[in-house]
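4 is the number of the first residue of the sequence shown in the numbering used here; add one for each residue after it.
Each residue gets a CB set at the ideal place from its N, CA and C atoms; glycine is no exception.
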Amino acid sequence: MNLPRLIIADEQRPGKIMSGVLIANVLKNMGYKLRLFMGNVDEVSLRLLQLTCNQPVTLLDPELCDGRSNLRWLFQQAASPDCLNLVITTLGGRWMKDSPFRVSKECVLLTEWLECEIIPVIFGDASSTLTVRALNEILSSLRKNDGIDVHGVLFRSVLNDREYELVDREAGRLFTVISVGSIPKNMDRDAPLLTDMFFDKAKQSIFPVKSAALQLVNMDFQVNWAFFGALANLNTNWTPQARMCEPITDSGKVNIAVARHETLTLGGDGTEHLLRVLGCNVVEVPLEGDIIHNVPIHGVYIPHGIGYLAIRKFFSNIYLKTMISRASNGNSFMMVEGGSAPILGEKITMPDSGEYGPDMQGFGVLPYDSVYRSQQTSVFRKAAATRKKLNPLISGTQEWIWGYFSSGMRLESKTAGDECLETREIPDGRRIGVDAWCKGRILASSMRLEPWSAPISFRRWLEG
């Protein structure tokens, strides 16, 4: 089995758009067929990739997948042998200006588990001496891990052509690594607000990225773009990952309705891939427009997103209201996660700005209130959710499902009984408290849940 694949790992700089987003746009403009993956939790970059490349993106976070086998199974399901499977992730950074460069754990695990090439992208906006020192720290950190080698490096924000020549010459003298080129400093772009990347504002927010990509692809000798395709095909061999579990008994006969809206895309499409690999049919149900299918529905999945931007559309969609009503007794599969979770609760408090209308009532299926906040953050806390008593998803204290907290809302518990899931923060295990509620086969959580961390439990939950 062959899967051309490549990791683009960006040095962290708060507030700046990842160069991997720009690189993906350039490669697509050049005619490459891409499958896109986000290797760490970064909703702004994930949304930018969706918008600028006009295609789905799969979240491929090693911690959230909870293991090598789970991550490889997800990648195998979402990747394509006919495409360049491009993983955008963070390389790491410095805690302080003079501290050593720390390569992120996610970056190392992705490179090891996917067994593929990696191109580090390093800021060169300091002197050439400091840039080369950072390169040395990065190469040393990556190469000390078994099976990881680095054949190419890309620089960005280099002060001028003369400085890049010095960096290129010194890097070539000291290291066995090829300088792929540099992205000029005038192509640095500030990251837009997450809420600005929907509806009419979306085109305006992505214009700087699209224009920079067009500029860059037409700049001769600035970047060796052929190197990306060559490196992705350097080691295409892929040892097929064995299934962690078999499809459900009624494979091909179970239809799961998935709510579709541009605001419900921030968690990627990984859950839909698991539904399909477990034998379910994904039936798309748009929040707006006509329903164009006529098949029986056996479960409902409402993905994570900025729920308050579309909250009223849930309550005006008669088809969706009917499905939720039918499933409210807990006998049917239903998962509502992240920013969409408030719809199953009771009182919903809208953001303080008042821009999105007055407070409202949810469907009242589960006993919690919800509070939306308009401020979004780029820092996402990861956690594991567990439950003490038996239920179809989490069967005991030895099982858990991983996820990350939605930054734009919180759920307020009215009860902490047996129907609740307790969360513990990763990696220190600190108890956070109640975050999710169950009722039979219904689960709602303020976390964006990663079912690839618990595929066996998820299968049992689907099958009932």
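- One alpha carbon belongs to Arg263, the other to Thr274, and they sit about 13 Å apart.
- The straight-line gap separating the alpha-carbon atoms of Val90 and Ala27 is approximately 10 Å.
- C-alpha of Arg463 to C-alpha of Met337: approximately 13 Å in a straight line.
- For Val212, the enclosing alpha helix (DSSP H) starts and ends at 204 to 220.
- The Cβ-Cβ distance between Glu120 and Arg8 falls below 9 Å.
- Out of Gly95, Leu6, Ile122, the CA that lies nearest to the CA of Val183 is found in Ile122.
- The beta-carbon distance between Pro454 and Leu269, rounded to whole angstroms, is 16 Å. This is too long to meet the 8 Å contact definition.
- In the DSSP assignment, Arg136 falls within the unbroken alpha helix (DSSP H) covering 131 to 146.
- Considering only Arg165, Leu138, Asn148, the residue with the shortest C-alpha distance to Gly155 is Leu138.
- Straight-line measurement puts the Cα of Pro289 at about 44 Å from the Cα of Trp98.
- Contact between Asp69 and Lys36 does not hold, since the beta-carbon distance rounds to 30 Å and is not under 8 Å.
- The beta carbon of Ile209 sits closer than 6 Å to those of Leu54, Thr55, all from its chain and outside the five residues before and after it, given in chain order.
- For Gln364, the closest C-alpha among the options Met353, Glu358, Gly357 is that of Met353.
- Between Val106 and Leu117, the C-beta spacing is not below 9 Å.
- Between the alpha carbons of Asp253 and Ala388 lies a distance of about 28 Å.
- Contact between Ser331 and Gly302 does not hold, since the beta-carbon distance rounds to 13 Å and is not under 8 Å.
- For Arg462, the enclosing alpha helix (DSSP H) covers residues 458 to 466.
- For Ser319, the enclosing alpha helix (DSSP H) covers residues 314 to 319.
- Within the segment 346 to 378, the beta strand (DSSP E) runs of at least 3 residues that lie entirely inside it are, in chain order, 350 to 352, 371 to 375.
- Relative to Arg176, the option among Ala205, Val135, Gly150, Lys147 whose CA is nearest is Val135.
- Put simply, of Gln80, Ala129, Ala82 the residue whose alpha carbon is nearest the alpha carbon of Asp101 is Ala129.
- About 6 Å separates the Cβ atoms of Tyr375 and Gly411, confirming a contact at the 8 Å cut-off.
- For Glu340 against Arg451, the beta-carbon gap comes to about 5 Å, under 8 Å, which counts as contact.
- Ranking Ser214, Lys385, Ile300, Glu291 by CA distance to the CA of Cys283 puts Ile300 first.
- Within a 10 Å sphere around the beta-carbon of Met222 sit fewer than 16 other beta-carbons, which makes this residue exposed.
- At a Cβ-Cβ threshold of 9 Å, Ala260 and Glu287 count as neighbours.
- Looking from the CA of Gly18, the closest CA among Asp193, Ile404, Phe230, Ser416 belongs to Asp193.
- Classified as buried, Val153 has 16 or more neighbouring CB atoms from the shown chains inside 10 Å of its CB.
- For secondary structure counted as the beta strand (DSSP E) over 3 or more consecutive residues, the segment 240 to 327 holds these complete runs in sequence order: 257 to 263, 283 to 289, 302 to 305.
- Under the three-state reduction of DSSP output, Pro123 falls in the strand class.
- One alpha carbon belongs to Ala215, the other to Asn43, and they sit about 24 Å apart.
- Per DSSP, the unbroken beta strand (DSSP E) holding Thr61 starts and ends at 60 to 62.
- The beta carbon of Trp241 is closer than 6 Å to those of Met4, Leu6 in its chain, skipping five residues each way along the sequence.
- Beyond the five residues adjoining it in sequence on each side, Phe126 comes within less than 7 Å, by CB distance, of Glu14, Arg16, Arg159, Ser160 in the same chain, given in chain order.
- Boundaries of the beta strand (DSSP E) harbouring Glu14: 8 to 14, taken from the DSSP string.
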